[in-house]
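Participant:
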Amino acid sequence: CKIILKDYQSALDDFQKAIDINPNNFNAIEKKGLCYYQMKQYKNAIETFNKALELKPETKELYTYRAHCKTALNDLNGALNDYNEVLKIYPNSALNLYNRGILKISLNQKESGCIDLYRAKDLGFTRAQSAIQENCMKWI
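Adding 63 to a residue's 1-based position in the sequence shown gives its number in our numbering.
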């Protein structure tokens with residue numbers, strides 16, 4: 064409820080209490096990371112997502128959020144690694160293909176980035192079309 068009300072600091076306190084009771088409480092750790100993410104405390108979010116991923120490494124959303132944090136902190140190679148990890152688990156994740164494609168283009172990996180954008184478009188991610196038009200017309 065506090066997250067919905069955007070009272071992230073109070074929510075953080077509540078999640079920390081739950082973690083103090085059970086240090087392996089995945090849901091509390093995950094939500095704590097999301098609070099940090101919403102508060103743009105990206106280093107704290109990354110640390111918290113790392114703990115959550117130790118408990119449930121198959122949680123694709125956490126790789127995506129962690130990649131967003133790393134991008135915001137200009138750790139582009141770290142973000143790319145996270146997108147690669149999530150796409151190993153869910154190779155048809157159009158959102159992550161799109162995000163990885165944009166990131167690869169920014170890292171001067173244009174051809175590979177465009178391949179990701181085309182895959183995202185083929186999977187129904189409509190925003191990929193404008194990115195393709197802007198960056199990949201050579202690859203049509």
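Ideal Cβ positions, reconstructed from N, Cα and C, are used throughout, including at glycine.
#1: For Ile92 and Lys106, which I take to be in contact (beta-carbon distance under 8 Å), what is that distance rounded to the nearest angstrom?
#2: For Ile84, count the other beta carbons within 10 Å of its own beta carbon; 16 or more makes it buried, fewer makes it exposed. Which is it?
#3: Determine the contact status of Leu143 and Leu170, defining contact as a CB-CB distance below 9 Å.
#4: Quick one: using the 10 Å Cβ neighbour count with 16 as the cut-off for buried, is Ser193 buried or exposed?
#5: Go ahead and label Lys69 buried or exposed: buried means 16 or more other beta carbons lie within 10 angstroms of its beta carbon, across all protein chains shown.
#6: Does the distance from the C-beta atom of Cys98 to that of Phe112 stay below 9 Å?
#7: What do you get for Lys103, buried or exposed, if any count of 16 or more other CB atoms within 10 angstroms of its CB means buried?
Facilitator: Looking at the atomic coordinates:
#1: Here residue 92 refers to the residue found at position 29 of the sequence shown. Here residue 106 refers to the residue found at position 43 of the sequence shown. For Ile92 against Lys106, the beta-carbon gap comes to about 16 Å, at or over 8 Å, which does not count as contact.
#2: The residue given as residue 84 occupies position 21 in the sequence shown. For Ile84, the number of other beta carbons within 10 angstroms of its own is below 16, and it is reported as exposed.
#3: For this step, residue 143 is matched to residue 80 along the sequence shown. For this step, residue 170 is matched to residue 107 along the sequence shown. For the pair Leu143 and Leu170, the CB atoms are nearer than the 9 Å cut-off.
#4: Reading the sequence shown from its first residue, position 130 is the one you call residue 193. Ser193 comes out exposed.
#5: On the sequence shown, position 6 is the one that residue 69 refers to. It counts as exposed.
#6: Walking along the sequence shown from the start, residue 98 turns up at place 35. Walking along the sequence shown from the start, residue 112 turns up at place 49. At least 9 Å separates the beta-carbon of Cys98 from that of Phe112.
#7: For the purposes of this step, residue 103 is taken as the residue at position 40 of the sequence shown. With fewer than 16 other Cβ atoms inside 10 Å of its own Cβ, Lys103 counts as exposed.
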